[in-house]
Amino acid sequence: MSRQFISSGSIFEQEIAYSRAVVDGDWVFVSGITGFDYSSMVISDDIVKQTEQCFKNINAALTEAGLVMQDIVRVRYILPIREDFEQSWPVIRKYLGDVRPAATMIVAGLLDPRMQIEIEVTAKKTRD
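Each position in the sequence shown, counted from 1, maps to that position plus 19 in the working numbering.
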């Protein structure tokens, strides 16, 4: 099976030369997703709303790849401010509470100072 590249249409993909997600066999690698609504390139200044938008963007990429949120096996959260992470937990539980993927949280600067969270996932197709 050849690789399939998935795009969200974000200007970041063109500028930085990457794909929103890459499908390789049964695996889907979703790049770090931020709280931007990529159709309008608008981002909220609220960490909870950004987290919600991240998961909407992740779901869109997985759907295009033929997978669902329950196929996520690995997640990485990247935040510039460690103390903001706990505010995002209810949204994370909403989307991944039953999935319970392996997870890591990293504190690091993000590309745009408006970004308060970035989420990267790896998923594996488990059904035909």
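Where is the CB? At the ideal position from N, CA and C, for every residue including glycine.
Distance CB(Met124)-CB(Phe104) smaller than 8 Å: In the sequence shown, the residue the question calls residue 124 occupies position 105. In the sequence shown, the residue the question calls residue 104 occupies position 85. Against a cut-off of 8 Å, the Cβ pair of Phe104 and Met124 comes out as a contact.
Would you mind stating whether Ser26 and Asn76 have Cβ atoms separated by less than 8 Å? If you number the sequence shown from 1, residue 26 lands on position 7. If you number the sequence shown from 1, residue 76 lands on position 57. Their beta carbons are not under 8 Å apart, which means Ser26 does not touch Asn76 by this criterion.
Helix, strand or coil at Met60 [DSSP, three-state]: Translated into the one-based positions of the sequence shown, residue 60 becomes position 41. It is coil, neither helix nor strand.
Tell me whether Phe24 is buried or exposed, calling it buried when 16 or more other Cβ atoms sit within 10 Å of its Cβ. In the sequence shown, residue 24 corresponds to position 5, counting from 1. Phe24 sits exposed, since fewer than 16 C-beta atoms from the chains shown fall within 10 Å of its C-beta.
With Arg95 as the anchor, note down where its beta strand (DSSP E) starts and where it stops. Mapped onto the sequence shown, residue 95 falls at position 76. Start and end: Ile91 to Leu98.
Less than 8 Å between the beta carbons of Gly54 and Cys73, yes or no? Counted from its first residue, the sequence shown places residue 54 at position 35. Counted from its first residue, the sequence shown places residue 73 at position 54. Cβ atoms of Gly54 and Cys73: closer than 8 Å.
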